[in-house]
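Written below as structure tokens is the structure these notes are about.
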Amino acid sequence: VALVWVLGLGVLRATFWAPEVCPTIPQAEARAAMRAGGDWLVRTQHDDGTYLYDYDRGADAEVPGYNIVRHAGVTMALYQLVGAGEEQFLAGADKGLQWMLDRLIDTGPGAQAFTNAADARVGASALMLVALGERRLATHERDHDVVMQALGRFLVGQSDGGRVLETWDHETRAPVPGITSRYATGEALLGLALLHEIFPESHWDEPSWPILDHLAGPRDREEELFPPPWPDQWAAYALAEMGDWDRPLEDHHIAYARRLAGRFGFIVRFDSQRGDALGRLTHGPDPRGAGEGTWVEGLASLYELSGLDERLADLRPVLRDRLACSAAVLAGRQVPHRVGDPRNARTEGAWFYAGRTRMDDQQHAASGLLGALPVLEEHP
Amino acid sequence: VNGWWPTLLLVLAAMNPPVVAALAADRTQAQRSGAALLVVAGALLLLGTTDSILEALGITIGTYRLGAGVVVLVAAIVALVRGAPEPSEGGALGAYARPGLLAVAVALGTGNWWRPAVAVLLVVPLCEVCRHASPAGRSALARLGGGLGVVLAVALAVDGVKTL
Numbered sequence: 002v003a004l005v006w007v008l009g010l011g012v013l014r015a016t017f018w019a020p021e022v023c024p025t026i027p028q029a030e031a032r033a034a035m036r037a038g039g040d041w042l043v044r045t046q047h048d049d050g051t052y053l054y055d056y057d058r059g060a061d062a063e064v065p066g067y068n069i070v071r072h073a074g075v076t077m078a079l080y081q082l083v084g085a086g087e088e089q090f091l092a093g094a095d096k097g098l099q100w101m102l103d104r105l106i107d108t109g110p111g112a113q114a115f116t117n118a119a120d121a122r123v124g125a126s127a128l129m130l131v132a133l134g135e136r137r138l139a140t141h142e143r144d145h146d147v148v149m150q151a152l153g154r155f156l157v158g159q160s161d162g163g164r165v166l167e168t169w170d171h172e173t174r175a176p177v178p179g180i181t182s183r184y185a186t187g188e189a190l191l192g193l194a195l196l197h198e199i200f201p202e203s204h205w206d207e208p209s210w211p212i213l214d215h216l217a218g219p220r221d222r223e224e225e226l227f228p229p230p231w232p233d234q235w236a237a238y239a240l241a242e243m244g245d246w247d248r249p250l251e252d253h254h255i256a257y258a259r260r261l262a263g264r265f266g267f268i269v270r271f272d273s274q275r276g277d278a279l280g281r282l283t284h285g286p287d288p289r290g291a292g293e294g295t296w297v298e299g300l301a302s303l304y305e306l307s308g309l310d311e312r313l314a315d316l317r318p319v320l321r322d323r324l325a326c327s328a329a330v331l332a333g334r335q336v337p338h339r340v341g342d343p344r345n346a347r348t349e350g351a352w353f354y355a356g357r358t359r360m361d362d363q364q365h366a367a368s369g370l371l372g373a374l375p376v377l378e379e380h381p
Numbered sequence: 006v007n008g009w010w011p012t013l014l015l016v017l018a019a020m021n022p023p024v025v026a027a028l029a030a031d032r033t034q035a036q037r038s039g040a041a042l043l044v045v046a047g048a049l050l051l052l053g054t055t056d057s058i059l060e061a062l063g064i065t066i067g068t069y070r071l072g073a074g075v076v077v078l079v080a081a082i083v084a085l086v087r088g089a090p091e092p093s094e095g096g097a098l099g100a101y102a103r104p105g106l107l108a109v110a111v112a113l114g115t116g117n118w119w120r121p122a123v124a125v126l127l128v129v130p131l132c133e134v135c136r137h138a139s140p141a142g143r144s145a146l147a148r149l150g151g152g153l154g155v156v157l158a159v160a161l162a163v164d165g166v167k168t169l
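Listed in order, the protein sequences are those of chains L and H. When the letters of the first sequence are read in order and numbered with our numbering, they come out as residues 2 to 381. When the letters of the second sequence are read in order and numbered with our numbering, they come out as residues 6 to 169.
In structure tokens:
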């Protein structure tokens with residue numbers, strides 16, 4: 002009997018009850034890691050404004066391929082860093098922005114989408130809009146206000162009662178019915194929420210609420226995302242944007258935020274159990290920086306929301322702990338940054354997974370670390 | 006798992022009194038009483054030291070509850086399949102110290118700890134009541150407890166997953 006107890010406890014300790022290893026990181030180090038991620042993005046950027054998409058360390062070579070949604074996301078992250086005082090990234094972000102501006106198409110009266118194909122997908126335009134919003138907030142320049150609102154009109158045109166249709170068909174000049182994306186709905190909501198923040202007189206909040214209702218309601222079931230809720234950091238960003246609007250979030254939005262917090266919390270707790278050799282064995286390899294970064298982004302946004310809405314105040318201390326832990330774990334997996342060593346230009350400051358790094362690894366990690374900075378200031 | 010009824014039912018399923026009654030069937034009254042007292046004391050001690058135990062393990066309550074749910078689930082499936090077991094060898098403590106109960110005691114020991122404490126005090130004496138059932142009756146009750154345990158173990162594990 003004793004042997005069974007010992008074996009049982011041993012198995013539990015190695016699996017479900019493996020220790021959650023949470024290093025600490027000073028705020029300055031987290032900022033340096035964030036900056037190093039941004040440095041990688043602009044250091045490896047091509048002359049035409051595109052970014053180094055996918056790099057194989059073993060072969061010391063770029064892996065062919067490109068994704069315009071990720072291009073928009075990387076540009077967004079760079080503008081976020083600019084907004085946080087890292088103005089050295091503005092030129093690179095503007096190069097990335099110009100590449101997008103050169104690929105706008107008209108989709109209807111006053112509406113434009115960003116695409117490099119005949120059809121257009123919501124995600125690319127939504128994240129381009131978010132990038133422009135972050136640029137507007139960081140620089141206060143009004144150069145792209147017209148484009149922002151044109152992108153907003155495109156997103157509104159893709160919304161079908163809150164359900165965001167992913168694709169616009171150039172032949173029918175209309176959304177393709179029935180096709181959605183787990184990413185695009187939250188991305189569109191964030192774009193529209195930022196538009197409302199920048200142009201409150203234009204009432205971009207009106208098309209935003211049905212999308213949030215859809216995310217907080219039937220989205221996971223309709224799109225068969227199991228287990229719910231889908232850990233949607235874009236929705237978390239949007240909730241944080243909408244948390245201080247004149248019209249308060251409704252109780253079911255708050256309940257959704259709580260479910261999201263639990264989801265992100267579970268994921269980062271599980272991830273922190275990879276902190277020792279046995280934990281790595283039983284919990285699998287480290288995730289890629291893009292995945293881990295989105296969890297930190299989600300937690301950071303929900304932490305911000307918990308400071309805006311009293312109904313989430315009880316979560317704030319735990320969110321702070323999870324965020325501080327996950328940010329430290331994330332920073333610890335970055336290739337160390339040694340300024341001025343050109344031999345390692347494509348590795349330093351990056352997050353590698355299976356010997357490769359993709360631009361959104363740096364994007365999400367840098368954005369996540371940026372979001373975690375306030376917590377690291379407060380954390381003992 | 007924080008209300009009165011879920012707590013009571015979870016402790017009941019984790020202990021599964023007909024299983025304990027069957028395991029301790031050929032122990033003396035004194036042995037059974039002593040074991041019951043020790044288990045109640047142990048469970049109350051665990052309830053009162055949950056935070057210290059979690060800190061020593063280096064895990065949070067959600068992570069703990071997920072593992073505790075698995076412990077209860079395994080015991081419940083065994084009870085569901087096997088019914089009431091044959092009397093065990095060794096002391097009565099081995100029969101009374103159900104892994105699920107001890108796991109659940111730590112899992113419920115945060116916040117309203119008095120609820121699981123009352124539940125333990127109510128459930129452990131039921132082992133003695135189940136002694137009076139026939140072997141077939143004990144087996145049926147054990148399976149019933151196993152079925153309940155499967156449901157509640159899943160609920161406990163899901164609660165652990167959903168916890169921030």
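All residues carry an ideal CB built from backbone N, CA and C; glycine is no exception.
Cβ pair residue i, residue j closer than 9 Å
i	j	result
ALA89(H)	VAL134(H)	no
LEU98(H)	THR12(H)	no
GLY294(L)	LEU240(L)	no
GLN335(L)	GLY93(L)	no
LEU193(L)	LEU166(L)	no
LEU157(H)	ALA18(H)	yes
ALA301(L)	ALA373(L)	yes
ALA121(L)	GLN363(L)	no
GLU311(L)	PRO375(L)	no
ARG270(L)	THR33(H)	no
Spatial distance of residue i from residue j (CA atoms)
i	j	result
HIS365(L)	MET20(H)	47 Å
ILE66(H)	GLY165(H)	7 Å
LEU130(L)	THR140(L)	15 Å
ALA80(H)	GLN150(L)	60 Å
LEU282(L)	VAL109(H)	27 Å
ALA73(H)	ARG104(L)	54 Å
GLY263(L)	PRO230(L)	9 Å
ALA3(L)	THR25(L)	38 Å
PHE17(L)	LEU71(H)	7 Å
GLY299(L)	PRO104(H)	37 Å
HIS215(L)	VAL155(H)	33 Å
GLU135(L)	LEU279(L)	42 Å
TRP169(L)	GLY285(L)	39 Å
ARG71(L)	ARG347(L)	18 Å
THR108(L)	TRP205(L)	19 Å
GLN113(L)	ILE106(L)	5 Å
Residue interval of the alpha helix (DSSP H) (run including residue i)
i	result
PHE90(L)	Per DSSP, PHE90(L) belongs to no alpha helix (DSSP H) and is neither H nor E.
ARG359(L)	Per DSSP, ARG359(L) belongs to no alpha helix (DSSP H); it is in the beta strand (DSSP E), 357 to 359.
PRO219(L)	No alpha helix (DSSP H) contains PRO219(L), which DSSP labels as neither H nor E.
ASP146(L)	146 to 159
GLU30(L)	28 to 44
GLN36(H)	34 to 53
CYS132(H)	131 to 135
VAL83(H)	66 to 87
Residue i classed as buried or exposed, judged by whether at least 16 other C-beta atoms fall within 10 angstroms
i	result
PHE227(L)	exposed
TRP6(L)	exposed
GLY50(L)	buried
SER307(L)	buried
GLN274(L)	buried
VAL111(H)	buried
ARG222(L)	exposed
SER38(H)	exposed
HIS137(H)	exposed
PRO178(L)	exposed
GLN46(L)	buried
For residue i, three-class secondary structure by DSSP
i	result
VAL165(L)	strand
PHE267(L)	helix
GLU298(L)	helix
TYR56(L)	strand
LEU133(L)	helix
GLN113(L)	strand
ILE106(L)	strand
GLU242(L)	helix
TYR67(L)	coil
ASP206(L)	helix
PRO176(L)	strand
ASP315(L)	helix
ARG259(L)	helix
ALA138(H)	coil
heavy atom of the ligand FMN below 8 Å from residue i C-beta
i	result
ALA40(H)	You won't find the ligand FMN in this model; it holds no ligand whatsoever.
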